[in-house]
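Visitor: Residues in the sequence shown are numbered consecutively from 5, following the numbering used here.
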Amino acid sequence: MKQRYPHILMTMLLTAVWLCSCSHKEIVCPGAEDRIVTINFLWDKAPTADPEGMTLYFFPISKNGQIWRFDIAGRDGGPIEIPTGEYRMITFNNDLPAIRFTDTDSYDSLSAVARDNTPDSVITSTGMLYGAHISRLEVTPCGVSYLTDDGNVKDCDKSMVRCYPDSVTTLYSVIINEVKGIEHVKSAGAYLNGVSSGITLSSGEPVRKPVALKLPLDIDHAGAAFNASAYAFAPRPDPSRRYTLKVIVTRIDGKSFVHDFDVTEQVMNSIPSKNVIILINGIEIPTGDIPDNPGEDVGNIDVGVDGWTIIEIDIESTI
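Next up, the structure:
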């Protein structure tokens, strides 16, 4: 006589139905509308950077979204609280008073601009600006997903975003060696013409017209040399662009002289491009007597040394 086990068959049937239903069930991530996201700044591209703080802008991809700004002290980053959604992000250091940020209502147009020092479009050193941007960042209840610099998608269920800020401004260094007659120099300065007044942070495109960078020159009497360094925004490479260095010196008798140098080749061919060194060897400061009142042609008077002209300025008021 055959034995029946109806309870065993029923258990097997219910188990099969349960397994089938679980294999098709979607996972739902718990979470609120606002999420804590940790921003981690990694300085592989600028290992010596030590900014006092960083600013972050989050631009919503949806038209009705809100722009969010955060300021984080130090160089390492930290947590922020932001609503879930899709964003584009720009970050930069916020410790440079010589730079102002414009068009902050748009990811595509947010720009860093050097503050004009004079009405003649002369700027002083901006300091080193570091920046990074992410073209797509999604904040979800389950974590974050974002595009890396190399175009790959990074998913992180711990809601951590890694940013790699890089140098945005360029360091321009001027070295003038073998200065004959340097013992007669009271003060000296220079203007580098051809740098950019600003840059769009998301694209790296220069903004506005070229300006002149003001470089006060340190006088090394023992080494018979002038030296200066300053930061500015570099324009896009352009074979037609010219760079000139205007050197102005004032002798101890109060007479001032100017000399223009074409430094286009040195600027254009500098490697690395973020550290431009302009080197000039062998100049001679005019040492002859100059009339106290040279006449109406001031600015175009040959003073006996090739390339120098006398000018009526006080170097200390402009350099």
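Glycine included, each C-beta is placed from N, C-alpha and C at the ideal position.
1. Note down, one range per segment and in chain order, each beta strand (DSSP E) of at least 3 residues found wholly within the region 117 to 184.
2. To the nearest angstrom, report how far apart L17 and E37 are at their CA atoms.
3. DSSP on T268, reduced to helix/strand/coil?
4. With burial defined as no fewer than 16 other Cβ atoms inside 10 Å of the residue's Cβ, what is the status of H263: buried or exposed?
5. Please state whether DSSP places H188 in a helix, a strand or coil.
6. Using DSSP with H/G/I as helix, E/B as strand and the rest coil, what is E56?
7. State the Cα-Cα distance for the pair K213 and D161, rounded to the nearest angstrom.
8. Are the CB atoms of A102 and T59 nearer to each other than 7 Å?
9. Keeping to the same chain, check which residues put their C-beta closer than 8 Å to that of V302; ignore five residues upstream and five downstream.
10. Where does T254 land, buried or exposed, given buried means 16+ other C-beta within 10 angstroms?
11. Measure the Cβ-Cβ separation of S201 and V178 and say whether it is below 7 Å.
12. Within 10 Å of its beta-carbon, does I203 have 16 or more other beta-carbons around it, so buried, or fewer, so exposed?
13. Rounded to whole angstroms, what is the Cα-Cα separation between L221 and G57?
14. Note the first and the last residue of the continuous beta strand (DSSP E) segment covering D75.
15. Less than 6 Å between C-beta atoms, sequence neighbours within five positions excluded: which residues of the same chain meet that for H326?
16. Run through the DSSP bridge pairs and tell me what K250 is partnered with.
17. On the CB-based measure, 16 or more other CB atoms within 10 Å of its CB, does T152 come out buried or exposed?
18. Below 7 Å between beta carbons: does that hold for A118 and F105?
Guide: Concretely, from the data shown:
1. 120 to 122, 134 to 144, 147 to 151, 157 to 160, 164 to 167, 174 to 184
2. Unreliable positioning characterises L17 in this predicted model, as indicated by a pLDDT of 43, which lies under 50. A coordinate reading is not provided.
3. helix
4. buried
5. helix
6. coil
7. 45 Å
8. no
9. Low local confidence applies: a pLDDT of 40 at V302 is under 50, so the model's placement there is unreliable, with the coordinate-based value given in what follows. Cβ within range, chain order: I314, I315, E316.
10. buried
11. no
12. buried
13. 30 Å
14. 72 to 77
15. This structure does not reach residue 326, given that the chain is present from 5 up to 323, and the question cannot be answered.
16. Y195, D264
17. exposed
18. no
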